[in-house]
Amino acid sequence: MKKNVLALSIATALVGVGFAGGAQAIGLANAALAAPVPPGPGASLRQSVDGIGQFLLVPYYTVQGNNQTMINLVNTDTVNGKAVKVRFRGAANSDDVYDFQVFLSPGDVWAAYVAKDSANRAQLTTGDNSCTKPTKAVLNSTPFSTIRLDPLRLGDALNNEAREGYVEIFNMADVRPGTALFTAIKHVKSVAPCTGAAWTALDTDPADTAAANAMGLFAPTTGLFSNWIILNAADAGAWSGQATAINAVDLLNNVTAGGLVYFPQTNTTLGLSAFDISKFTADPWLRARPTQAATYDLPDFSIPYTSSNLPEDQVVRLSNALATRSVSNEFLVGSGVNATTDWVLSMPTRRYSVAMDYTAPAARVYTTLATPFFTAANTAVIDRQVCVTGTTIVSYDQEENTAVDPGASVIISPQVPGQPTSFYVCGEVSVLSFNNGEKAGTSGLITSASGSLKATVARSAIENGYNAGWAFMATPGLLNNGLPILGYEALRANSAAHTFGATLGHRTNRIQK
């Protein structure tokens with residue numbers, strides 16, 4: 000097992016600057032027969048209090064400015080290996096920009112960082128010896144893709160869309176000892192072989208549970224955690240945290256196995272007449288254009304993982320695990336230490352309710368959920384980004400003074416004329432910058448960089464006139480269901496030769512249905 004992985008990742012990045020269950024496999028053979036998606040035994044999904052789970056959500060990655068983002072993925076299961084899907088999504092509308100598979104042996108750690116390449120494109124680099132599909136050499140030589148991004152963004156503006164976003168990570172299957180696949184991914188003298196017939200067989204789709212088991216793939220249990228660091232070595236700032244972890248649980252909140260949801264990391268088209276993609280994903284864009292979907296698009300976070308055959312149910316359960324009716328945190332600007340404050344507001348399940356259709360102006364496509372979170376009633380489009388309406392924000396200074404009216408002492412942009420008191424959260428990952436010099440009446444999204452994180456893709460601003468205090472954002476959502484929001488405050492300050500960053504988690508009013 001590798002030691003001091005975070006330290007090694009930071010050093011590498013600085014150089015760059017300068018359980019049992021009845022789950023079944025869901026292969027394309029099942030899909031061709033239009034069979035229901037066999038789920039896992041869990042009744043619901045819950046956030047993990049210890050940060051270890053089956054689903055992991057990194058709320059924000061960025062390579063804007065001089066930032067780099069480091070991610071470590073840890074398998075705490077010392078018996079089973081893990082077949083893990085990793086997907087980076089863009090901040091604007093959560094379009095897929097980079098996805099791959101990692102195969103962790105028991106007790107293993109996989110480490111990588113994302114930085115800008117010579118063409119200012121986001122680029123992942125890993126020196127890790129764990130198995131991946133595609134290979135490490137391919138990962139290290141392939142920049143983030145812009146194929147799924149807004150075609151009206153051109154040149155560097157298009158590359159910019161992939162320079163920040165969020166990360167989905169989850170366990171597709173366990174790899175059990177005694178199988179040929181386990182031997183293929185198990186480290187030998189600190190290096191995993193990643194060879195042999197069992198390794199090659201992963202590029203074909205298992206037709207059923209027996210076929211998946213024969214390949215060495217079994218119902219996924221828990222055991223994953225992830226840490227992230229955003230490092231700005233040039234400006235001596237850093238922010239860090241742990242990924243939010245989610246587990247499948249039974250009615251007594253005991254962790255259960257999930258659905259066996261392995262799909263090969265290949266570009267085989269899913270646009271087959273007998274294939275019903277709606278049984279595998281709630282993503283409205285993929286549902287509308289199945290001929291543009293490939294096997295690497297599956298699984299995503301909406302694939303049935305618990306005791307329902309419907310992706311729509313999976314989205315509701317995952318959204319319920321994240322939903323909050325409010326977000327509160329502090330802010331600090333200026334105050335003699337040149338402080339800046341950004342809030343990260345990440346909504347990682349929004350994609351499975353609403354997505355942008357770039358082929359039509361300001362068009363949104365939807366998937367209807369039994370419990371609504373994002374519909375036409377609480378979304379709008381500004382500058383070709385999906386925005387969430389119906390939120391409000393109130394600021395307080397440190398002496399009980401309050402700024403409520405955006406038309407008076409608070410300036411919030413982007414705004415929609417005639418609705419000055421409504422705060423629009425635009426983008427899938429929105430960065431809210433406090434008192435960063437925006438002017439009243441700003442229309443559209445702000446393209447100047449935010450204060451701490453240097454965000455430019457999906458950012459908004461609040462001008463409340465206070466140097467320090469706290470703010471309360473009401474996020475009631477539809478029917479008071481709340482909104483599935485993750486995030487934190489990124490504080491940066493410097494005085495003379497000293498610069499520091501602080502990461503402060505949001506306080507929320509989680510619902511947990």
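Mapping of the sequence shown onto numbering that gives the first Met the number 0: position 277 corresponds to residue 276, and the numbering continues sequentially without gaps. No residue lacks a Cβ here, since even glycine has one placed at the ideal position from N, Cα and C. Predicted, not measured: the structure shown is a model, and the values here were computed from it.
Check: Taking GLY426 as the reference, which of ASN128, ASP149 and TRP109 has the closest Cα?; Outcome: ASP149
Check: Tell me the rounded alpha-carbon separation between GLY333 and GLY236.; Outcome: 16 Å
Check: Can you give the Cα-Cα distance for ILE146 and LEU216, rounded to whole angstroms?; Outcome: 31 Å
Check: Taking C-alpha atoms, which residue in LYS135, PHE433 and LEU321 lies nearest to ASN466?; Outcome: PHE433
Check: Which stretch, first to last residue, makes up the alpha helix (DSSP H) that contains LYS135?; Outcome: 135-138
Check: If you drop the 5 nearest sequence neighbours on each side, which residues of the same chain put their C-beta closer than 7 Å to that of VAL517?; Outcome: Since the first residue of the chain shown is 0 and the last is 512, residue 517 is not available in this structure.
Check: Helix or strand or just coil, what does DSSP make of SER494?; Outcome: strand
Check: According to DSSP, is SER516 helix, strand or coil?; Outcome: Because the chain spans 0 through 512 in this model, residue 516 falls outside it and cannot be assessed.
Check: Throw me the rounded Cβ distance for the ALA256 and THR208 pair, which I believe falls under 8 Å.; Outcome: Going by Cβ atoms, the distance from ALA256 to THR208 rounds to 12 Å, so no, they are not a contact pair.
Check: Do ASN231 and ASN65 count as a contact pair if the criterion is CB distance below 7 Å?; Outcome: yes
Check: Please name the residue in ALA457, LEU309 and ALA470 whose C-alpha comes closest to that of GLY258.; Outcome: LEU309
Check: Classify THR194: buried if its beta carbon has 16 or more other beta carbons within 10 angstroms, exposed otherwise.; Outcome: exposed
Check: Based on the DSSP secondary-structure assignment, which residues constitute the bridge partners of ILE276?; Outcome: DSSP lists no partner for ILE276.
Check: What's the gap between the Cα of PRO347 and the Cα of PHE372?; Outcome: 12 Å
Check: Taking buried to mean at least 16 other C-beta atoms within 10 Å of its own C-beta, is ARG506 buried or exposed?; Outcome: exposed
Check: Would you list the one or two residues that DSSP bridges to ALA354?; Outcome: VAL364
Check: Anyone know if the C-beta pair for GLN264 and LYS132 falls short of 7 Å?; Outcome: yes
Check: Rounded C-beta distance between ASP341 and SER449? I'm assuming under 8 Å.; Outcome: 5 Å
Check: Provide the residue span of the beta strand (DSSP E) that contains ALA244, from first to last.; Outcome: 243-248
Check: Taking all protein chains shown into account, decide if ALA495 is buried (16 or more other Cβ within 10 angstroms of its Cβ) or exposed.; Outcome: exposed
Check: Which one of THR498, VAL166 and GLY468 has the shortest CA to CA distance from GLU398?; Outcome: GLY468
Check: Along the chain, where does the beta strand (DSSP E) containing ASN377 start, and where does it finish?; Outcome: ASN377 -> no beta strand (DSSP E), and no H or E assigned at all.
Check: Is it buried or exposed, SER140, if we count other Cβ atoms within 10 angstroms and call 16 or more buried?; Outcome: exposed
Check: Do TYR487 and VAL343 have their C-beta atoms within less than 7 Å of each other?; Outcome: yes
Check: Per DSSP, what kind of secondary structure is THR502 in: helix, strand or coil?; Outcome: strand
Check: Could you compute how far the alpha carbon of THR455 sits from the alpha carbon of LEU72?; Outcome: 27 Å
Check: For ASN29, is the classification buried or exposed, using 16 other Cβ atoms within 10 angstroms of its Cβ as the cut-off for buried?; Outcome: With a pLDDT of only 47 at ASN29, under the threshold of 50, the placement of this residue in the model should not be trusted; the figure read from the coordinates follows. Result: buried.
Check: Going by DSSP in three states, ASP76 sits in which element: helix, strand or coil?; Outcome: coil
Check: Write down the C-beta distance between GLN122 and VAL108 rounded to the nearest angstrom, noting that I regard them as a contact closer than 8 Å.; Outcome: Between VAL108 and GLN122 the Cβ distance is about 21 Å, and since that is not below 8 Å, they are no contact.
Check: Nearest to ALA501 by CA position, among ALA470, ARG363, THR339 and THR358, is which residue?; Outcome: THR339
Check: Straight-line CA distance for LEU251 to SER43?; Outcome: 10 Å
Check: Compute the Euclidean distance between the alpha carbons of VAL57 and ALA200, then round it to the nearest angstrom.; Outcome: 30 Å
Check: Do you know how far the Cα of ALA457 is from the Cα of SER345?; Outcome: 11 Å
Check: Report the option in LEU55, ILE392 and SER144 whose CA atom is closest to the CA atom of PRO475.; Outcome: ILE392
Check: Cβ of ASN246 within 7 Å of Cβ of SER47?; Outcome: yes
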